[in-house]
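Q: Under this note's numbering, residues 96 to 271 are what the sequence shown spells out, in order. Quick reminder that beta carbons are idealized off the backbone N, C-alpha and C, glycines included.
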Amino acid sequence: MATIIEFEGKRPKIHTSVFVASTAVLIGDVVLDEGASVWYGAVLRGDSGIIRVGKESNVQDNVVIHADTENGTIIGDRVTLGHGCILHDTKIGDGCVIGMLATLLHHSVVEEKCMIGAGAVVREGFRIPSRSVAAGVPAKVMKELNGSAEEWLNMAHEEYTELSERYKKSARVIIE
């Protein structure tokens with residue numbers, strides 16, 4: 096079972112359809128909307144601000160999300176957060192893919208339908224406009240999203256939505 100911690104009177108709110116992996120940690124003011132999933136080793140620490148994960152969004156293994164201001168970290172619907180991402184007081188619009196090990200710093204904004212490359216660092220206060228592909232350290236907008244990349248982006252969340260259903264039906268922790 097996941098570690099779910101109430102902090103200063105705030106406890107995570109988890110929709111009944113959500114999958115939360117057994118080693119995930121949810122602390123404080125965390126809201127998981129319908130069909131979201133939080134995978135192994137992920138830590139969502141809403142001790143000083145809200146963390147909201149939108150519908151059918153997936154927080155993959157070892158992602159760390161923190162909110163330390165009242166603005167919080169808000170993740171839109173159908174967002175994919177790749178393995179090992181770090182998000183800190185940021186906003187992500189609907190339909191984005193954030194690549195593995197990417198870091199989004201304080202008050203950064205990724206508008207809807209964006210793709211952020213693996214390992215990118217979106218600097219503090221930086222805004223990535225809608226339908227952009229951004230990469231690098233620091234992250235820069237490389238091009239506008241189009242063609243097959245846009246088609247893939249529109250379906251990226253579906254794999255984890257389906258996988259979470261499989262896990263809810265058949266995954267069991269074995270203690271020996």
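Using only CA atoms, which one of HIS202, VAL133, THR168 lies nearest to SER152?
A: Per the Cα distances, VAL133.
Q: Count the other CB atoms, across all protein chains shown, that sit within 10 Å of the CB of MET272; report buried if there are 16 or more and exposed otherwise.
A: Beyond the ends of the chain as shown, which are 96 and 271, falls residue 272; an answer cannot be given.
Q: Let me know if LYS186 comes out buried or exposed under the rule of 16 or more other beta-carbons within 10 Å of its beta-carbon.
A: Buried, since its Cβ has 16 or more Cβ neighbours within 10 Å.
Q: Among the candidates ILE181, LEU182, ILE169, GLU206, whose CA atom is the shortest distance from the CA of CYS191?
A: Comparing Cα positions, the closest option is GLU206.
Q: DSSP has LEU199 in a bridge; who is on the other side?
A: Answer is LEU182, VAL217.
Q: Under the assumption that GLN155 contacts HIS178 (Cβ atoms under 8 Å), give the Cβ distance between them as a whole number of angstroms.
A: Rounded, the Cβ-Cβ distance is 5 Å, consistent with contact.
Q: Looking at C-beta atoms only, is the number of pairs between the stretch 228 to 245 and the stretch 253 to 261 that lie closer than 8 Å three or more?
A: As far as the Cβ criterion goes, the stretch 228 to 245 does not touch the stretch 253 to 261, which means the pair count is below three.
Q: Is HIS252 near THR175, with beta carbons less than 8 Å apart?
A: Yes, the Cβ-Cβ distance between HIS252 and THR175 is below 8 Å.
Q: How far does the alpha helix (DSSP H) with LYS264 in it extend, from its first residue to its last?
A: Taken as a continuous stretch (DSSP letters only), the alpha helix (DSSP H) holding LYS264 covers 242 to 265.
Q: Between the alpha carbons of GLU101 and GLY123, how many angstroms are there, rounded?
A: Near 5 Å, if we compare the C-alpha coordinates of GLY123 and GLU101.
Q: What do you get for ALA162, buried or exposed, if any count of 16 or more other CB atoms within 10 angstroms of its CB means buried?
A: The residue in question, ALA162, is buried, as its Cβ has 16 or more Cβ neighbours within 10 Å.
Q: Between the Cα of VAL115 and the Cα atoms of TYR135, ILE270, ARG226, which residue gives the shortest distance?
A: Checked all of TYR135, ILE270, ARG226; the closest Cα to VAL115 is TYR135.
Q: Is the beta carbon of CYS209 sitting closer than 8 Å to the one on ALA230?
A: Not in contact: CYS209 and ALA230 (Cβ atoms no closer than 8 Å).
Q: Quick one, which of VAL217, GLY212, GLY194, MET195 has its alpha-carbon nearest HIS201's?
A: For HIS201, the nearest C-alpha among the options comes from VAL217.
Q: Please list the terminal residues of the continuous beta strand (DSSP E) segment that includes GLY141.
A: Its beta strand (DSSP E) spans residues 138 to 148.
Q: Hey, could you find the ends of the beta strand (DSSP E) ILE160 is sitting in?
A: ILE160 -> beta strand (DSSP E) spans 159 to 161.
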